[in-house]
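Here is the structure we will look at, set down as structure tokens.
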Amino acid sequence: MSLTQDSNERKEIPIFSGFISYFPDAIAAVASHSFKSNEKHNPGEPLHWARDKSTDQLDALARHLTELGMLEANPEIMGKIELLKAIVWRGMAELQLTIEVANTPMILQQGNDPLYTGPQARKVRVCDGMGCDS
Numbered sequence: 490m491s492l493t494q495d496s497n498e499r500k501e502i503p504i505f506s507g508f509i510s511y512f513p514d515a516i517a518a519v520a521s522h523s524f525k526s527n528e529k530h531n532p533g534e535p536l537h538w539a540r541d542k543s544t545d546q547l548d549a550l551a552r553h554l555t556e557l558g559m560l561e562a563n564p565e566i567m568g569k570i571e572l573l574k575a576i577v578w579r580g581m582a583e584l585q586l587t588i589e590v591a592n593t594p595m596i597l598q599q600g601n602d603p604l605y606t607g608p609q610a611r612k613v614r615v616c617d618g619m620g621c622d623s
């Protein structure tokens, strides 16, 4: 999904009132996590998502969830917050990548575009009113 040019349809995507206003502290925490991770993995570089450095979003998400489960036996609130920030970041990364793939023509997903090559490249089925490709 990306933002449409149709003003009526855009009103059905309330980014501020339907997301940011619900979770301002959580969004700030994840943004802080993003900044600190950039400092760790890209020292001295401007804030950016180095997509090629860590492409295992779901595996990393599962590792963080496992760590969170182990933490539940010995709760420490700051450790839990740090893990939850990492979990949310990985979940958002996976959602973003999946949406990008869904919005990209099949020819680009098959490796003809640098953004969709390497381990993160995915083959998805494209369906329309006439059926699906294989």
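Numbering (my numbering), first residue to last: 490 to 623.
Glycine residues also receive a C-beta, built at the ideal position from the N, C-alpha and C atoms.
The C-alpha of Ser-491 is placed about 24 Å away from the C-alpha of Ala-575.
The stretch 574-593 makes contact with the stretch 550-562, as at least three CB pairs between them are under 8 Å. Secondary structure note for Ala-549: its alpha helix (DSSP H) is the uninterrupted segment 546-561. The DSSP-derived three-state label of Asn-527 is helix. Taking C-beta atoms as the reference points, Ile-509 and Ile-502 fail to come closer than 9 Å. If the five residues before and after Leu-560 are omitted, its C-beta is found closer than 7 Å to the C-beta atoms of Gly-568, Lys-569 and Leu-572, all from its own chain and listed in chain order.
Distances from the alpha-carbon of Val-577 to those of His-530, Asn-592 and Leu-554 put Leu-554 closest. Restricted to the stretch 491-538, the alpha helix (DSSP H) segments that are unbroken, complete and at least 4 residues in length are 496-499 and 513-530, listed in chain order.
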